[in-house]
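Heads up: the sequence lines are chains A and B, in that order. Numbering-wise (this note's numbering), the first sequence opens with residue 1 and increments by one. Numbering-wise (this note's numbering), the second sequence opens with residue 1 and increments by one. This report refers to the structure that appears directly beneath it.
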Amino acid sequence: MKILLMGNPNVGKSVVFSRLTGVQVTSSNYPGTTVGYTKGTLKLGEISAELIDVPGTYSLQPACQAEEVARKMLQEEDPDLVVSVLDATNLERNLFLTLQILEKGLPTLVVLNMWDCAQRRGVHLNIQGLSKALGVPVITLVAVTGEGLKELSEVMEEALKNPADYTPQISPMHDDERWAFIGQLITELQKIEHRHPTFLEKLEKASVHPVYGLIIASITIILTLQLVIGLGEFLISNFLDPLYYQYYGPFITETVTNIFPSGIVHEILIGTGYQYETSFGILTTGVYVEFAVVLPYILSFYLFLGLLEDIGYLPRLAVLVDSLMHRLGLHGFSIIPIILGFGCNVPAVLSTRMLEGKREKFIVAALISMSIPCMAQTAVIIGLLGVYGMQYIAVVYGTLFILFISLGMLLNRILPGESPEIFVEIPPYRIPHLKALLQKTWSRVKGFLIEAVPFVFLGILAINLLYILGIMDYLTILVSPLLSNLLGLPDDAIGALIMGFLRKDLATAMLAPLNLTAQQLTVATTFLAVSFPCVATFVVLLKELGVKDLIKVIMIMLGVALLTGTILNLLWSVV
Amino acid sequence: MIMTILNQLENGQKAIIIDINGGRGLIKRLESLNLRKGKEIRKISSAPFQGPIILEVDGCQLALGRGMAAKVTVKPL
Numbered sequence: 001m002k003i004l005l006m007g008n009p010n011v012g013k014s015v016v017f018s019r020l021t022g023v024q025v026t027s028s029n030y031p032g033t034t035v036g037y038t039k040g041t042l043k044l045g046e047i048s049a050e051l052i053d054v055p056g057t058y059s060l061q062p063a064c065q066a067e068e069v070a071r072k073m074l075q076e077e078d079p080d081l082v083v084s085v086l087d088a089t090n091l092e093r094n095l096f097l098t099l100q101i102l103e104k105g106l107p108t109l110v111v112l113n114m115w116d117c118a119q120r121r122g123v124h125l126n127i128q129g130l131s132k133a134l135g136v137p138v139i140t141l142v143a144v145t146g147e148g149l150k151e152l153s154e155v156m157e158e159a160l161k162n163p164a165d166y167t168p169q170i171s172p173m174h175d176d177e178r179w180a181f182i183g184q185l186i187t188e189l190q191k192i193e194h195r196h197p198t199f200l201e202k203l204e205k206a207s208v209h210p211v212y213g214l215i216i217a218s219i220t221i222i223l224t225l226q227l228v229i230g231l232g233e234f235l236i237s238n239f240l241d242p243l244y245y246q247y248y249g250p251f252i253t254e255t256v257t258n259i260f261p262s263g264i265v266h267e268i269l270i271g272t273g274y275q276y277e278t279s280f281g282i283l284t285t286g287v288y289v290e291f292a293v294v295l296p297y298i299l300s301f302y303l304f305l306g307l308l309e310d311i312g313y314l315p316r317l318a319v320l321v322d323s324l325m326h327r328l329g330l331h332g333f334s335i336i337p338i339i340l341g342f343g344c345n346v347p348a349v350l351s352t353r354m355l356e357g358k359r360e361k362f363i364v365a366a367l368i369s370m371s372i373p374c375m376a377q378t379a380v381i382i383g384l385l386g387v388y389g390m391q392y393i394a395v396v397y398g399t400l401f402i403l404f405i406s407l408g409m410l411l412n413r414i415l416p417g418e419s420p421e422i423f424v425e426i427p428p429y430r431i432p433h434l435k436a437l438l439q440k441t442w443s444r445v446k447g448f449l450i451e452a453v454p455f456v457f458l459g460i461l462a463i464n465l466l467y468i469l470g471i472m473d474y475l476t477i478l479v480s481p482l483l484s485n486l487l488g489l490p491d492d493a494i495g496a497l498i499m500g501f502l503r504k505d506l507a508t509a510m511l512a513p514l515n516l517t518a519q520q521l522t523v524a525t526t527f528l529a530v531s532f533p534c535v536a537t538f539v540v541l542l543k544e545l546g547v548k549d550l551i552k553v554i555m556i557m558l559g560v561a562l563l564t565g566t567i568l569n570l571l572w573s574v575v
Numbered sequence: 001m002i003m004t005i006l007n008q009l010e011n012g013q014k015a016i017i018i019d020i021n022g023g024r025g026l027i028k029r030l031e032s033l034n035l036r037k038g039k040e041i042r043k044i045s046s047a048p049f050q051g052p053i054i055l056e057v058d059g060c061q062l063a064l065g066r067g068m069a070a071k072v073t074v075k076p077l
């Protein structure tokens with residue numbers, strides 16, 4: 001048994017999905033959060049069915065890749081039941097897709113989500129009348145709280161048992177006829193009371209105002225940065241550092257030393273001991289970097305990003321920066337993948353699917369993988385360079401920012417075509433649901449752990465093996481002229497650069513034991529940020545762009561990384 | 001009856017869409033977000049630096065690039 005969950009973007013399909021299957025998927029308050037599909041199973045009485053969370057689409061005539069996925073799935077998956085989810089506050093527009101689905105003649109249920117919002121907005125609807133007109137049951141739901149969920153499951157079970165009773169009899173219409181039909185339904189069945197605008201609605205308007213909008217944006221960005229860094233630092237100095245240095249470090253060193261007093265295994269697991277940040281043991285520095293340096297920042301970043309997402313601020317930011325992004329060959333909405341990139345480049349590159357054009361996708365993916373350091377990397381950069389003073393961190397990020405702008409302008413100029421205009425829905429501000437926000441943060445943090453931990457262990461193992469087998473000496477001779485002449489870095493920085501392929505955070509941390517000057521550290525961290533993406537990003541880039549475009553991105557990347565590193569190094573020597 | 005284009009509306013002004021002067025692709029795309037002939041809209045504001053136009057249709061806010069907005073003929077109310 002197969003059930004498709006379909007609807008317009010940002011109507012809460014993913015929340016319904018999570019509620020029904022217990023599978024946690026990321027949901028936010030902006031259109032296009034779901035770009036791929038997620039499958040899960042659910043039990044409906046005796047029946048076990050597969051539920052698919054289809055990316056949102058406004059119609060079955062797709063405008064972007066994510067919408068194309070939706071159209072294909074309806075055609076090819078041959079579902080036993082379609083659950084069409086609508087935003088009850090915006091029935092007219094939502095009904096267009098629903099009617100297109102009903103015209104396919106598959107067993108269908110109509111779900112009016114966000115029913116509480118609709119009622120608060122003064123929407124009165126004759127539900128029985130709507131159900132009669134559409135020929136299928138109409139169920140009201142508040143997915144975030146679960147109100148109406150039980151009834152939905154019961155009706156779904158019924159529909160799977162008796163599909164014939166739930167199959168609509170609506171013959172295919174032309175678009176004009178369909179709109180006319182919808183217009184008639186709305187006039188007959190829906191009444192909207194007039195009310196005064198609420199505080200949130202006034203804030204919505206101010207957020208896209210040419211003057212107040214920019215003020216709100218500046219405050220929001222500065223405040224978010226402060227909160228992310230503040231919470232990260234707080235967690236590290238109050239919990240994780242003491243935990244590592246007082247309990248974990250001594251314990252693990254003693255335990256391993258008891259079993260392997262010395263030799264290769266001891267070397268790989270413990271390095272020179274937990275007291276030194278520079279000892280690259282898997283169980284000492286490896287654990288410290290991931291859990292005590294990176295993890296707190298990841299947690300803090302996703303908590304506050306999630307808050308902004310759920311309130312619905314990001315689409316407004318997108319509108320404000322739209323005309324600036326056009327100079328880089330993009331439109332405002334590409335700010336969302338870019339912001340996600342500050343967390344991790346992997347979901348960021350995946351989310352480029354919500355953009356319309358191939359050209360735009362290429363530019364965003366290239367910009368993200370070159371000039372947006374992920375939070376893991378940022379955390380280590382803060383830890384490493386912060387000791388020498390803020391100005392060095394400013395140089396790294398300033399360089400990346402200049403690179404972002406100039407690379408975007410360059411790509412916009414040399415790539416054929418032009419950037420499409422923005423055309424998006426701006427969702428209303430919503431008060432975030434604390435439980436949902438925490439769940440989302442946790443699922444992203446868990447994703448980081450699942451992804452990072454194996455690579456960190458593998459990476460340290462691989463680097464150690466390269467040294468033990470003598471391959472590193474050979475590589476050092478090979479790239480040493482490049483490193484010392486262009487970037488002004490010592491030969492042993494090669495280890496860190498190689499680690500850069502696996503994990504950028506660990507690679508950056510590996511610069512610590514090299515006794516570099518603040519200037520060398522700055523050049524090296526910038527070079528690491530720009531150069532080759534980590535292997536996880538590499539894989540998604542390959543998937544999203546294809547081999548040809550990926551090779552292009554990588555050529556640009558290596559060239560730009562060397563150039564940036566060299567210029568930075570030269571400038572510094574002159575100054 | 002004075003016709004104008006979306007861009008020319010004052011902030012807060014209401015209007016009715018009279019025509020969309022574009023290809024089928026544009027018409028369908030605007031239509032899928034409920035911007036079509038005969039709909040009443042309200043311009044909310046326009047983003048800074050010649051940014052997109054923000055408008056409201058049936059209580060739902062949309063952002064629309066100026067090039068597209070210039071193709072929408074409206075009659076102010």
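By construction, the Cβ of each residue, glycine as well, lies at the ideal position given by its N, Cα and C atoms. Nothing here was measured: the structure is a model prediction, and the numbers come from that model.
| Query | Result |
| --- | --- |
| Taking a Cβ distance cut-off of 9 Å, strictly less, list which residues of the stretch 407-440 of chain A are near chain B, in chain order. | P420, E421, I422, F423, V424, E425, I426, P427, P428 |
| Could you check what DSSP says for A/M173 in three-state terms: helix, strand or coil? | coil |
| Since A/F96 meets chain B, which of its residues come closer than 9 Å, beta carbon to beta carbon? | E31, S32, N34 |
| Anyone know if the C-beta pair for A/G12 and A/M114 falls short of 8 Å? | yes |
| Taking DSSP as the reference, what is the three-state secondary structure of A/S14? | helix |
| Is there at least one Cβ from chain A nearer than 8 Å to B/G51's Cβ? | yes |
| Please work out which residues of its chain come closer than 6 Å, Cβ to Cβ, to A/L235, disregarding the five sequence neighbours upstream and downstream, and give them in chain order. | P296 |
| Three or more C-beta pairs closer than 8 Å, one from the stretch 427-447 of chain A and one from the stretch 286-302 of chain A: is that the case here? | yes |
| Helix, strand or coil: which one does DSSP assign to A/N464? | helix |
| Could you tell me the distance, in whole angstroms, from the CA atom of A/A366 to the CA atom of A/M375? | 18 Å |
| Straight-line CA distance for A/L303 to B/D19? | 45 Å |
| Given a cut-off of 8 Å on the beta-carbon distance, is the pair A/E103 and A/M173 in contact? | yes |
| Return the chain-ordered ranges of every alpha helix (DSSP H) run that is complete within the stretch 89-141 of chain A and spans a minimum of 4 residues. | 91-102, 115-120, 127-134 |
| Answer with buried or exposed for A/F527, where buried requires no fewer than 16 other C-beta atoms within 10 angstroms of its C-beta. | buried |
| For A/I47, which beta-bridge partners are listed by DSSP? | A/L44 |
| What is the DSSP secondary structure of A/E356, reduced to helix, strand or coil? | coil |
| Should B/K71 be labelled buried (16 or more other beta-carbon atoms within 10 Å of its own) or exposed? | buried |
| Could you tell me whether the Cβ atoms of A/G230 and A/P168 are closer together than 8 Å? | no |
| Can you find the residues in the same chain that come closer than 7 Å, C-beta to C-beta, to A/A159, ignoring five residues on each side of it along the sequence? | L81, P107, L109, Y166 |
| Run through the DSSP bridge pairs and tell me what A/A70 is partnered with. | None; A/A70 has no bridge partner. |
| Taking the runs of the alpha helix (DSSP H) that are 4 residues or longer, which of them lie wholly in the stretch 194-237 of chain A? | 199-207, 212-235 |
| Going along the stretch 314-329 of chain A in order, which residues come within less than 7 Å of chain B, judged by CB to CB distance? | V319, L320, D322, S323, L324 |
| Expressed to the nearest angstrom, what Euclidean distance is found between the alpha-carbon atoms of A/G398 and A/L350? | 26 Å |
| Apart from the five residues on each side of it in sequence, which residues of its chain come closer than 6 Å, Cβ to Cβ, to A/A379? | V293, V294, Y297 |
| Would DSSP call A/V144 helix, strand or coil? | coil |
| Quick check on DSSP: helix, strand or coil for A/V553? | helix |
| Flag A/D116 as yes if its beta-carbon sits less than 8 Å from any beta-carbon of chain B, otherwise no. | no |
| Is any beta-carbon of chain B found at less than 8 Å from that of A/W179? | yes |
| How long is the line joining the alpha carbons of A/I170 and A/G122, rounded to whole angstroms? | 30 Å |
| I want to verify the contact list: residues of chain B whose CB lies under 7 Å from the CB of A/H209, in sequence order. | S45 |
| Residues bridged to A/G249 by DSSP? | Answer is none; A/G249 lacks a bridge partner. |
| Spell out whether any CB of chain A is found under 8 Å from the CB atom of B/K14. | no |
| Hey, is the stretch 24-41 of chain B in contact with the stretch 92-100 of chain A, meaning 3+ C-beta pairs nearer than 8 Å? | yes |
| Per the contact definition of three or more C-beta pairs closer than 8 Å, is the stretch 533-543 of chain A in contact with the stretch 328-348 of chain A? | yes |
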